[in-house]
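Inspection log for the structure reproduced underneath, given as structure tokens.
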Amino acid sequence: MSNAIKEGRLDPVFFRRDVLEVAPELLGKFLVRKFDNGRFVKHLITEVEAYRGEEDLACHASKGKTPRTSVMYEPGGVLYIYLIYGMYWMMNVVTGPEDHPQAVLIRGIEGYDGPGKLTRHLKIDKTFNNEDLSTSPRIWIEDAGLRPEYTTLPRIGVDYAGEYWKNVPWRYMIRL
DNA sequence: GGGACGATTGAA
DNA sequence: TCAATCGTCCCA
63 MSNAIKEGRL DPVFFRRDVL EVAPELLGKF LVRKFDNGRF VKHLITEVEA YRGEEDLACH
123 ASKGKTPRTS VMYEPGGVLY IYLIYGMYWM MNVVTGPEDH PQAVLIRGIE GYDGPGKLTR
183 HLKIDKTFNN EDLSTSPRIW IEDAGLRPEY TTLPRIGVDY AGEYWKNVPW RYMIRL
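Residues in the first sequence are numbered consecutively from 63, following our numbering.
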């Protein structure tokens, strides 16, 4: 394993905690993407949402373990990627221990607000599903030495999940 | 096999 | 306000 792979990366232990701990701590971390041509970019994470377990009716795992959702049952530290509205890839970081389906949706990074916009910019697609953030040569997350203040809000686009689950304040935004 | 729908975005 | 666009899930 090269130094480039280890340097600065968050340890898998970071991700194998409850999603409600991990999600706010991802704010102010660097999302790093290395492209095929060797160029790489770093963006601070500015907005995330937590999805927590089969009981969370807004979480895809609320329908149980399927081919699509099985990656959320992995130990934390891998990516869950899916297509929405036929056009946009959503990037999620799986958290928690094995068999606790949880994930953090990355909704915004510095310069690219919106989950569909940032994946388009970073050229993230389905080939990143199940990608391991601790070993991948093309995407990882680094500590930036920041612990920004943040605001919590209800999650976006989950009105179908019922009064309780659509209102839990599991959307986290860096305070401007 | 068919149909409904979605953790979105951008344009009218 | 609404179309684009397709993988996934549910029902038959």
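Think of the CB as a built atom: it goes at the ideal place given N, C-alpha and C, for glycine as much as any other residue.
For residue 182, the enclosing alpha helix (DSSP H) has its first and last residue at 177-184. As the crow flies, the alpha-carbon of residue 97 is around 12 Å from that of residue 202.
In the structure shown, residue 232 falls within a coil segment according to DSSP collapsed to helix, strand and coil. Comparing C-alpha distances from residue 152 to each of 161, 228 and 167 shows the shortest one belongs to 167.
Residue 145 holds the alpha-carbon nearest to the alpha-carbon of residue 178 among 156, 145 and 208. When DSSP states are grouped into helix, strand and coil, residue 149 belongs to the coil group.
Apart from sequence neighbours up to five positions away, the residues of its chain that approach residue 212 with a beta-carbon distance below 8 Å are 86, 89, 234, 235, 236 and 237, ordered along the chain. Just measuring C-alpha positions, the residue of 92, 112 and 111 sitting nearest residue 104 is 92. The three-state secondary structure of residue 123, taken from DSSP, is helix.
Going by DSSP, residue 206 is part of no alpha helix (DSSP H) at all; its letter is neither H nor E.
By the Cβ-count criterion, residue 154 is buried, with 16 or more other Cβ atoms from all chains shown falling within 10 Å of its own Cβ. For the pair residue 117 and residue 83, the Cα-to-Cα distance works out to about 18 Å. In this structure, residue 148 sits away from residue 78, with a CB-CB distance that is not shorter than 8 Å. With contacts defined as CB atoms closer than 8 Å, residue 139 and residue 74 qualify as a contacting pair. Ranking 102, 209, 232 and 124 by CA distance to the CA of residue 215 puts 232 first.
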